[in-house]
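Reviewing the structure listed below.
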Amino acid sequence: RYPEVLGEYKYGGFAMLLETLSVAGRDRAAAFEGVEGRLITLASELCWLSCVSSTSNGDELIRSGAMAILNKLLAFCVAGMDRDAGSDEPASKIVLFLLRLLCGISTMEKGAVYLAENRDTLWDVMYCCTLRRATKCLNSAVNCISQMASNALLQDTLVDMGALFVLTPLVF
Numbered sequence: 181r182y183p184e185v186l187g188e189y190k191y192g193g194f195a196m197l198l199e200t201l202s203v204a205g206r207d208r209a210a211a212f213e214g215v216e217g218r219l220i221t222l223a224s225e226l227c228w229l230s231c232v233s234s235t236s237n238g239d240e241l242i243r244s245g246a247m248a249i250l251n252k253l254l255a256f257c258v259a260g261m262d263r264d265a266g267s268d269e270p271a272s273k274i275v276l277f278l279l280r281l282l283c284g285i286s287t288m289e290k291g292a293v294y295l296a297e298n299r300d301t302l303w304d305v306m307y308c309c310t311l312r313r314a315t316k317c318l319n320s321a322v323n324c325i326s327q328m329a330s331n332a333l334l335q336d337t338l339v340d341m342g343a344l345f346v347l348t349p350l351v352f
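Here it is as structure tokens:
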């Protein structure tokens with residue numbers, strides 16, 4: 181009813197959520213253990229659920245610059261993950277929620293454009309297709325790539341990056 185007055189409060193919790201997800205200056209071991217690790221896991225799950233529940237929330241994540249923070253978090257987690265990482269490890273859980281979030285974001289036009297421009301994130305998604313024991317992450321990465329491939333811009337980008345060479349061994 182009063183968009184001019186209430187506009188700044190509409191997404192008031194996003195700033196706190198993004199602060200929790202920011203990995204700037206964090207120690208890798210401390211980021212995944214204890215209360216801090218649990219908070220990051222829950223915050224990444226909340227981001228995923230808020231994005232897939234409403235396209236407006238996904239648009240806000242893109243508009244507010246949150247995708248840069250989420251991309252850094254994904255890169256931070258993937259950089260520390262071994263291909264034999266288990267599904268129950270905190271980094272695997274965070275990556276799982278971020279992959280699901282990216283899958284949802286890729287269905288939005290602005291999200292697809294953003295992802296096509298940020299190839300490092302696409303590389304991280306493709307890396308997750310090589311995980312051996314984190315099967316939920318592997319399944320989400322394949323699902324994410326297949327969802328991204330439904331967009332012409334992302335499809336071309338993925339082909340140029342060699343996604344077929346990453347996906348082919350999973351078939352056989």
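Under the working numbering, think of the first position of the sequence shown as 181, with each following residue one higher.
The C-beta atom is built at its ideal place from N, Cα and C for all residues, glycine as well.
Delimiting residues of the alpha helix (DSSP H) encompassing residue i
i, result
"SER224", "214-233"
"PHE402", "This structure cannot settle anything about residue 402, because the visible part of the chain is limited to 181 through 352."
"MET306", "299-308"
"PHE352", "Counting along the chain, PHE352 falls outside any alpha helix (DSSP H), and DSSP gives it neither H nor E."
"MET328", "315-328"
"ARG208", "208-211"
Through-space distance from residue j to residue i, alpha-carbon basis
i, j, result
"ASP207", "ILE220", "13 Å"
"ALA195", "ALA248", "13 Å"
"GLY214", "SER233", "29 Å"
"GLY217", "SER202", "12 Å"
"ASN298", "LEU250", "12 Å"
"THR337", "MET328", "10 Å"
For residue i, the three-state DSSP class (helix, strand or coil)
i, result
"GLU269", "coil"
"GLY342", "coil"
"ARG312", "coil"
"THR287", "coil"
"ARG243", "helix"
"ARG141", "With the chain represented from 181 up to 352, any question about residue 141 goes unanswered, as that position is not in the structure."
"VAL203", "coil"
"ASN237", "helix"
Sub-8 Å separation of residue i and residue j beta-carbons
i, j, result
"ALA265", "ALA314", "yes"
"CYS324", "VAL305", "yes"
"LEU295", "CYS231", "no"
"ASN237", "ALA292", "no"
"LYS290", "ASP239", "yes"
"LEU334", "SER286", "yes"
"CYS317", "LEU279", "yes"
"LEU276", "SER326", "no"
"LEU302", "ALA246", "no"
"LEU311", "ARG263", "yes"
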